[in-house]
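One line per chain: the protein sequences are A and B, in this order.
If you count the first sequence from 1, you need to add 2 to reach my numbering.
If you count the second sequence from 1, you need to add 7 to reach my numbering.
Even for Gly, the Cβ is constructed at its ideal location relative to N, Cα and C.
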Amino acid sequence: MRNFSYVNATSIEQVPSLLGRSWDDAVVMAGGTDLVGEMKDYAAVPKRVVNLKSIEGLDYIRQDDAGLRIGALTTLTDVLENSAVSQELPVLHQAVSVIASPQIRNMATLAGNILQRPRCWYYRSEDFPCLKKGGARCYAVGGVNTYHAIFGSGPSYIVHPSDAAPALMALGATVHVHGPRGGDEVLMDDFFTMPEMNIRRENILRPNEIVTEISIPKPEANSKGMFLKVRERESIDFALVSLAAQMTVVNGTCERASLVLGGVAPIPWRAVEAEDYLRGRRITEARAESAAEAAVEDAAPMPHNGYKVEIAKNLVKQAVQALAS
Amino acid sequence: MSQNGHKVIGTRPIRHDGVDKVTGRAIYGADIQLTGLLHGTVKRSPHPHARIKNIDTSRAEAHPGVRAVVTAHDLPQIADKLADLGEAIVNLRDASNNVLAYGKVLYKGHAVAGVAAINLHVAQEAVELIDVEYEVLPHVTGVLEAMEDGAPILHEDMKTTSMGEETDKVSNIANHFQHKMGEPDDGFAEADVVIEREFTTQTVHQGYIETHNATALWNEEGQLTIWTSTQGAFSVRDQMAEILQMPVSKVKIVPLEIGGGFGGKISVYLDPVAALLSKKTGHPVKMTMTRDEVFEGTGPTPGSYLKVKMGATSDGRLTAATAYMAYEAGAYPGSPVGAGAGCIFTPYDIPNVQIDGYDVCVNKPKTNAYRAPGATNAAYATETVVDEISEKLGVDPLEFRVKNGAKEGTRRADGPVHPRIGCIETTEAALNSEHYRSSLAKSANGKVRGRGVASGYWFNFNGGRSAISVSINPDGTINMLEGSTDIGGSRASIAMQLAETIGLEATDIKPYVVDTDSIGYTDVTGGSRTTFGTGYAAHATGQALIREMKERASKLWDVPADAIDFEDGVFSYRDDAEKRGSFKEMASQAGDAGGPVVAQVSTNPDGSGGGAFATHVVDVEVDRETGKVDILRYTAVQDAGTAIHPSYVEGQMQGGVVQGIGWGLNEEYIYNDDGSMTNASFLDYRMPTTLDLPMIETIIVEVPNESHPYGVRGVGEVPIVPPPAALANAIYDATGVRLRDLPMSPPRVQKALAENGG
Ligand SMILES: Cc1cc2nc3c(=O)[nH]c(=O)nc-3n(C[C@H](O)[C@H](O)[C@H](O)COP(=O)(O)OP(=O)(O)OC[C@H]3O[C@@H](n4cnc5c(N)ncnc54)[C@H](O)[C@@H]3O)c2cc1C
Ligand code: SF4
Numbered sequence: 003m004r005n006f007s008y009v010n011a012t013s014i015e016q017v018p019s020l021l022g023r024s025w026d027d028a029v030v031m032a033g034g035t036d037l038v039g040e041m042k043d044y045a046a047v048p049k050r051v052v053n054l055k056s057i058e059g060l061d062y063i064r065q066d067d068a069g070l071r072i073g074a075l076t077t078l079t080d081v082l083e084n085s086a087v088s089q090e091l092p093v094l095h096q097a098v099s100v101i102a103s104p105q106i107r108n109m110a111t112l113a114g115n116i117l118q119r120p121r122c123w124y125y126r127s128e129d130f131p132c133l134k135k136g137g138a139r140c141y142a143v144g145g146v147n148t149y150h151a152i153f154g155s156g157p158s159y160i161v162h163p164s165d166a167a168p169a170l171m172a173l174g175a176t177v178h179v180h181g182p183r184g185g186d187e188v189l190m191d192d193f194f195t196m197p198e199m200n201i202r203r204e205n206i207l208r209p210n211e212i213v214t215e216i217s218i219p220k221p222e223a224n225s226k227g228m229f230l231k232v233r234e235r236e237s238i239d240f241a242l243v244s245l246a247a248q249m250t251v252v253n254g255t256c257e258r259a260s261l262v263l264g265g266v267a268p269i270p271w272r273a274v275e276a277e278d279y280l281r282g283r284r285i286t287e288a289r290a291e292s293a294a295e296a297a298v299e300d301a302a303p304m305p306h307n308g309y310k311v312e313i314a315k316n317l318v319k320q321a322v323q324a325l326a327s
Numbered sequence: 008m009s010q011n012g013h014k015v016i017g018t019r020p021i022r023h024d025g026v027d028k029v030t031g032r033a034i035y036g037a038d039i040q041l042t043g044l045l046h047g048t049v050k051r052s053p054h055p056h057a058r059i060k061n062i063d064t065s066r067a068e069a070h071p072g073v074r075a076v077v078t079a080h081d082l083p084q085i086a087d088k089l090a091d092l093g094e095a096i097v098n099l100r101d102a103s104n105n106v107l108a109y110g111k112v113l114y115k116g117h118a119v120a121g122v123a124a125i126n127l128h129v130a131q132e133a134v135e136l137i138d139v140e141y142e143v144l145p146h147v148t149g150v151l152e153a154m155e156d157g158a159p160i161l162h163e164d165m166k167t168t169s170m171g172e173e174t175d176k177v178s179n180i181a182n183h184f185q186h187k188m189g190e191p192d193d194g195f196a197e198a199d200v201v202i203e204r205e206f207t208t209q210t211v212h213q214g215y216i217e218t219h220n221a222t223a224l225w226n227e228e229g230q231l232t233i234w235t236s237t238q239g240a241f242s243v244r245d246q247m248a249e250i251l252q253m254p255v256s257k258v259k260i261v262p263l264e265i266g267g268g269f270g271g272k273i274s275v276y277l278d279p280v281a282a283l284l285s286k287k288t289g290h291p292v293k294m295t296m297t298r299d300e301v302f303e304g305t306g307p308t309p310g311s312y313l314k315v316k317m318g319a320t321s322d323g324r325l326t327a328a329t330a331y332m333a334y335e336a337g338a339y340p341g342s343p344v345g346a347g348a349g350c351i352f353t354p355y356d357i358p359n360v361q362i363d364g365y366d367v368c369v370n371k372p373k374t375n376a377y378r379a380p381g382a383t384n385a386a387y388a389t390e391t392v393v394d395e396i397s398e399k400l401g402v403d404p405l406e407f408r409v410k411n412g413a414k415e416g417t418r419r420a421d422g423p424v425h426p427r428i429g430c431i432e433t434t435e436a437a438l439n440s441e442h443y444r445s446s447l448a449k450s451a452n453g454k455v456r457g458r459g460v461a462s463g464y465w466f467n468f469n470g471g472r473s474a475i476s477v478s479i480n481p482d483g484t485i486n487m488l489e490g491s492t493d494i495g496g497s498r499a500s501i502a503m504q505l506a507e508t509i510g511l512e513a514t515d516i517k518p519y520v521v522d523t524d525s526i527g528y529t530d531v532t533g534g535s536r537t538t539f540g541t542g543y544a545a546h547a548t549g550q551a552l553i554r555e556m557k558e559r560a561s562k563l564w565d566v567p568a569d570a571i572d573f574e575d576g577v578f579s580y581r582d583d584a585e586k587r588g589s590f591k592e593m594a595s596q597a598g599d600a601g602g603p604v605v606a607q608v609s610t611n612p613d614g615s616g617g618g619a620f621a622t623h624v625v626d627v628e629v630d631r632e633t634g635k636v637d638i639l640r641y642t643a644v645q646d647a648g649t650a651i652h653p654s655y656v657e658g659q660m661q662g663g664v665v666q667g668i669g670w671g672l673n674e675e676y677i678y679n680d681d682g683s684m685t686n687a688s689f690l691d692y693r694m695p696t697t698l699d700l701p702m703i704e705t706i707i708v709e710v711p712n713e714s715h716p717y718g719v720r721g722v723g724e725v726p727i728v729p730p731p732a733a734l735a736n737a738i739y740d741a742t743g744v745r746l747r748d749l750p751m752s753p754p755r756v757q758k759a760l761a762e763n764g765g
């Protein structure tokens, strides 16, 4: 880890001025569970670290008629234990329950989770100056790409590591951003960016902006959700493939399906073709299977990760059938 | 009272070091703080194979926080010389070059320089200021590729030794040996079923939680003290004396609590570097590895290639077996292929056997011992082939093992004849276990289930030097100093043997692991020897104390010593019922008759005595869609000889099984084409967590070891041997597909099932 200076922020308004024009100048820290590891691995080398946890009043979960508002600094444990979340947003509850380990969930924040950086092992190793770190090549191409993306066409093949992000996206959540010119709101669907847009980052946030809140609209009546995650180990393991599914089914017919895959693409991956296929159709096993096929139609696996396609397909089929019954 | 008339042995007292460990008071290497302490770190090679053309340390030395930089040029150049470190024979020149590379780097992570600075961050910064000029050489990381003609050569001066003779051939094969017994060709001719299969296993790490650490102080008199985490303080002393070319009397090693070793904490890595840095600076220097340094810079257990052929008659008798075993040594010769060869067919009585072993250098870290080193790779091959043969013959795989089981008088292919062993008893206990007799219910969720069994053998080192020094307190309690570091509950198991011998409670003994200046030479805690070997010394210590107490009683009672008996914990004079007293009662008066009572004993048993056998039963559930294998139930059966503290025997069995499961299902060093490891973190190198495992059930079999006064056999290593094979056999039972490459991780299982229609 390089030397850095450390500042305790005291208000949201103050933060943009403490941050800089570049990510090398300054970064914010919430729970630090991702950032500190990144700094130890020299993937992040900021001159200044701005602590957000010293700002009061950013950890809350508030419910009103429109839905739920969750403060950026709310810990994953608080999200997990919140009864509104567990009763009305099972997809989010289930997603958070399989993140990391209890110790990490106690420290980690919800905003930090969706903003965490990639887990690509080349990115996390000091020895590989890859594209994402400003280098000249992607080592996953021609390297060991067992855990890399099956969607997207580079030039970086990371998978977005967050479990909470696909769930929030499936729920149609909105991210509240605060920058030098004040506050702004962005739909989760528009928040994440593919590598061809900005190889160095995974979302639209600029170096002097922060996330202050995530709001989730109240799911419509007859809508049900679930989160499925396949991993090699039962704890402390990222998803090989995950699926956040939220579906509105009336009398066996799908009115709306929101299907977001995790672990397969540089961003939480909305399976648009599957969603379109399901809309207005009665759900049968054959149709669940067709939806699954549609979900992976565009998959372009790398030499070592073809197995993910099968898993993704199976998860879509499983979730569609379960939510229709 | 427990069984066999023992009062202490077989009971389960709370371990002496337990409270300090669970309350965080126990002192580990990371806790050491000394006045004027500097912090050191290591510069490591980014290349798997390269010539070092130049090391320029000037920029690092100019950094204001840096106090010293050392390279291999600060180490004395030492000649080729072999030293026995307890679990492995080591060439000291190689050991020195492994500590700091000289001339060439042979693996990514190879240490090239050490830095001491005012704090760790400065040291880490300074490492980046050391400029090393390399001439990168072609590298080779796979064992079979390394054996090919034309492969990149690691050691240009290393000639292959074949069948005990040095040849003229320069190759990466350090050694080829052969064990032969009978005529395998004739044996296969007699057989009705012959199966020959190939297997591969990958490099895996012991994965101890505490990373390597060393704090060194080289004082003004040239006396070197090292506080370190090690399985053998005396072994560290010997290595330091040799690598630094100094008398052992100038080196004192203080072993601290050890957060896991499993064979990996016998060789020194940081200790000599910290010592050199302390010598240069005149300050104590502390060094601690990070996890990726542990993965890339210490000694994992080897990847290997095995080809095993076995034949049996239609009435179920094994007639012949051959094995071709090629093990990766890593950067320097010395893989555990020899040990593997001694274990590969040992659970069986086979008349005709040939075993060819190859010790092969590759551009990976020098391998080190890991729990029954070499035996797990070997059993993966044998036990899978035995499963296939049993299936072909239509016999129960455990009955087949009982029928062909090794027993007293059976000869091992590498020479030795078994004394009394518990191989067949162990297999029979597995056969009769509730688990094996139960039926396996079908899965309700579309997954498939299967059951597998496998056996395993490990030698156990029934010898070695151990010293114990005791002093008796007037209240009859005993302070017991020992040289065996405690990695698995051996303070308790040794104290219990002393307590049993002299009729005290386990809690009356206060065991202490002390430094090398305070106790006689004691061999490493390794080879499953400690409860056996240091327990042997504890028994002898008890005997010495009884003799001494009789002398004291003779003075106090004014009667001849040889007329005093010791029975059931009580000293008594044959001719006067009044003259009697327990050990404690005698202790309160004994000091008046000749000063404080003390005793010092050292022992070195002859090494005879049988090894350890285990048979495991596992039920798995396989998800064909994801390739994930879940373990539903696991039972480990093992001959412990005599279980001194049954909870710690069970703990060793469970721990070994868990490591074997990790090795079987997930763990591996994943290499890039450039010879670097991609997954040097516990996130990507997946060891199982508690949630991945059921409770591991244990069945202890007790066939006493005739070469130990209490019948103890070592128990620590053999439980890691059967799991990968048992899992492979269970996966086959579930899916109909045989997996012969480790690890059987989800992506691989899924691929194998897809390819084989399982
Ligand atoms: C061993 C391990 C296992 C894990 N397993 C999983 C898993 O299975 N699933 C999963 O989803 N995650 C997993 N994680 C990731 C973990 O969930 C994240 O590290 C955590 O959620 C990050 O939250 P934090 O508050 O600690 O963020 P920090 O580490 O403080 O920050 C993370 C990043 O977000 C930025 N940031 C944080 N808050 C804000 C904000 N309000 N505005 C702008 N930028 C911000 C920081 O600058 C930094 O770049 C794992 C992590 C570890 C260490
Ligand atoms: S996938 Fe992305 S992060 Fe990984 S090596 Fe390629 S460019 Fe770097």
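Quick check on residue i - is its C-beta less than 7 Å from some C-beta in chain B?
i	result
A:Ser237	yes
A:Asp36	no
A:Leu148	It should be pointed out that residue 148 of chain A corresponds to Thr in this sequence rather than to Leu. Judged by the 7 Å Cβ criterion, A:Thr148 is in contact with chain B.
A:Asn316	yes
So what's residue i in DSSP terms, helix, strand or just coil?
i	result
B:Asn126	coil
B:Ser440	coil
B:Trp670	helix
B:Met8	Confidence at B:Met8 is low in this model, with a pLDDT of 45, below 50, so its placement is unreliable and the value that follows should be read with caution. It is coil, neither helix nor strand.
B:Val521	coil
B:Lys557	helix
Taking 7 Å as the CB-CB cut-off, is residue i touching chain A?
i	result
B:Gln238	no
B:Gln661	no
B:His13	no
B:Ile677	yes
Nearer than 6 Å: is that true of the beta carbon of residue i relative to any heavy atom of ligand 3?
i	result
A:Lys310	As presented, the structure is devoid of ligand 3, carrying ligand 1 and ligand 2 as its sole ligands.
Throw me the rounded Cβ distance for the residue i and residue j pair, which I believe falls under 8 Å.
i	j	result
A:Ala167	A:Pro92	Incorrect: roughly 17 Å between the Cβ atoms, too far for contact.
B:Met188	B:Ala420	5 Å
B:Ser311	B:Ile273	Wrong, their Cβ atoms sit about 20 Å apart, outside the cutoff.
Closer than 9 Å by beta-carbon distance: list the chain D residues that pair up with residue i, in chain order.
i	result
B:Thr696	This model lacks chain D altogether; the protein chains it does include are A and B.
Between the segment 311-322 of chain A and the segment 173-190 of chain B, are three or more C-beta pairs nearer than 8 Å? no
Which runs of the beta strand (DSSP E), 3 residues or longer, sit entirely within the segment 218-289 of chain B? 220-225, 231-235 and 258-262
Contact the segment 627-642 of chain B vs the segment 451-466 of chain B: 3+ CB pairs below 8 Å: yes
Under 8 Å: do the segment 282-290 of chain B and the segment 77-85 of chain B share three or more Cβ pairs, one atom per stretch? yes
So within the segment 430-518 of chain B, which uninterrupted beta strand (DSSP E) runs reach at least 3 residues, ignoring any that extend past its ends? 455-465, 473-479 and 485-489
Contiguous beta strand (DSSP E) assignments of at least 3 residues, all confined to the segment 189-220 of chain A: 212-219
Contact between the segment 479-489 of chain B and the segment 615-628 of chain B (3+ Cβ pairs under 8 Å): no
Starting from the N-terminal side, write out each stretch of the alpha helix (DSSP H) that is 4 residues or longer and does not extend beyond the segment 379-413 of chain B. 382-400 and 404-410
Where are the beta strand (DSSP E) runs, 3 residues long or more, that stay fully inside the segment 547-621 of chain B, in chain order? 571-574, 577-580, 583-589 and 605-610
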